[in-house]
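Encoded as structure tokens, the structure appears first; notes follow it.
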Amino acid sequence: MVLACLLPGLWACAPTADGSPLAPSTASAVRATSDTAPRSSARGTAATYAPGSVTVPRGRESPLNPVYQSMTTDCRSLPRPTVRVIAAPRLGRIEARPAQGITTFGPGPWAACWGRIGDGTVIFFVAPDRIGHDRFTVEVMHSDGTRIVVPYRIEVTR
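So the sequence shown is residues 1204 to 1361, counted in the numbering used here.
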């Protein structure tokens, strides 16, 4: 059995700017709620996760929450998920990079994995040197075949 980092009711994993693992924090972790959790987690089906609007500074590169990762119930990292661009941003550009995150899973089969460092993939948004709004959509494919479609809304500020 495999855990996709964003299953309903679980805390997501968040990166730091330098790519090092980030400890759980209510300010930086993205909570999967009934409104934002994947609509389906069945193997081989696409689920949708919507992190909402993200604010980034203009002319900078910013990691976007969460670190997408998969883990077995005995807390072993599985191969990093791959990211495919479905709809590219109009103004900025995105890059998917290897990263590590500290897991913050809720109750259930992965509860023993709380606080473990796992391998994953994080998306970076490189903002243009101007203020404005952007959006893009990616597909995150986990090694077990679970697909998550993630639309991002970006607000570029000063």
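Ideal placement from N, C-alpha and C gives every residue a C-beta, glycine not left out.
{"Query": "DSSP beta-bridge partners of R1333", "Result": "DSSP lists no partner for R1333."}
{"Query": "Three or more C-beta pairs below 8 angstroms linking the stretch 1306-1317 and the stretch 1353-1360", "Result": "no"}
{"Query": "Where G1323 falls: helix, strand or coil (DSSP)", "Result": "strand"}
{"Query": "Through-space distance from E1298 to R1361, alpha-carbon basis", "Result": "22 angstroms"}
{"Query": "Spatial distance of G1311 from T1285 (CA atoms)", "Result": "25 angstroms"}
{"Query": "Neighbourhood of T1324 by C-beta distance below 8 angstroms, restricted to the same chain and skipping five residues each side", "Result": "V1270, Y1271, Q1272, R1283, P1284, T1285, V1286, A1299, R1300, P1301, A1302 and V1343"}
{"Query": "Own chain residues within Cβ distance below 6 angstroms of A1290, not counting five before or after", "Result": "F1339 and T1340"}
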